[in-house]
Amino acid sequence: MDLRHSNLALTSGTFVDLFAGCGGLTLGLLNAGWKGHFGIEVQEDAFATYSANFIDGPRYSLEWPSWLAKRPWDIKKLLTEHEEDLRRLRGKIDLVCGGPPCQGFSFSGQRNSRDPRNQMFRRYVDLVNIVQPKLLLPDA
C-alpha cells in the first residue's frame, strides 16, 4: 500500500495490541490519538499491569468487546475460541500491533529453532489474516 496516497489518516484509528506485555505500544498509540479495542497478553503479571492501566485505569479506557473476557489470553486459545468474533472485526480495526516472542530466533541471546515460542509469530499472522487490518505494526 502506498501510504502517500491513502485515505487513512495515520494520526488516528482503532487498534488491537497482541502480545501486549504491560502496554508500551498501547500507551504510545493512545497518546497519539488512536483508540484501543483490546490487548492480548498471556503472562498474568503483565496483564494485571495492562488491565490496571488500560481496562480499569482512571486515565485510559479501551473499547473492550463484550465477547472477550478481561483476563490473560493465549493467542492460540483466542483464535480457537473466538475466530468468528475476530472475523466480525474486519473493517473496524485499522491497526494490529504487537511483538510476538522472538527469543528462539533472535540474534541476541541463545537461538533455539525448537523453542515453541517461535510459532507465536505464525499465530500473529493468523489473527492478522482473520481481522485484515489496514496497517500492521510488528514489534520485533
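Per our numbering: the sequence shown = residues 1 to 140. Using N, Cα and C, we set each Cβ at its ideal position, and we do this for glycine too. On a predicted model such as this, the values are computed, not experimentally measured, just so you know.
The residues Gly36, Tyr60, in chain order, have a CB closer than 7 Å to that of Leu30 in the same chain once the five nearest residues on each side in sequence are set aside. Excluding its 5 nearest sequence neighbours in each direction, Tyr50 has C-beta neighbours in its own chain below 8 Å: Ala20, Gly21, Cys22, Gly23, Thr26, Gly39, Glu41, listed in chain order. Distance from the CA atom of Asp126 to the CA atom of Glu83, rounded to whole angstroms, is 10 Å. Comparing alpha carbon positions, the residue from Gln132, Ser12, Tyr124 closest to Asp74 is Tyr124. Thr80 and Ile130 have their C-alpha atoms some 12 Å from each other. Check the Cα spacing between Pro65 and each of Leu89, Gly28, Gln132, Phe47: the tightest is with Leu89. For Leu68 and Asn53, the gap between their C-alpha atoms comes out near 18 Å. Residue state for Gly28 is assigned as helix, using DSSP reduced to three classes. For Lys76, the three-state secondary structure derived from DSSP is helix.
With fewer than 16 other Cβ atoms from the protein chains shown falling within 10 Å of its own Cβ, Leu136 counts as exposed. When secondary structure is reduced to three states using DSSP, Leu137 falls in the strand class.
Under the DSSP assignment, Asp17 falls outside any alpha helix (DSSP H), being part of the beta strand (DSSP E) whose first and last residues are 14-18. Assignment of Val96 by DSSP, reduced to helix, strand and coil, places it in the strand class. Between the C-alpha atoms of Lys76 and Val128 there is a straight-line separation of about 13 Å. Contact between Asp85 and Pro133 is ruled out by a C-beta separation of about 15 Å, above the 8 Å threshold.
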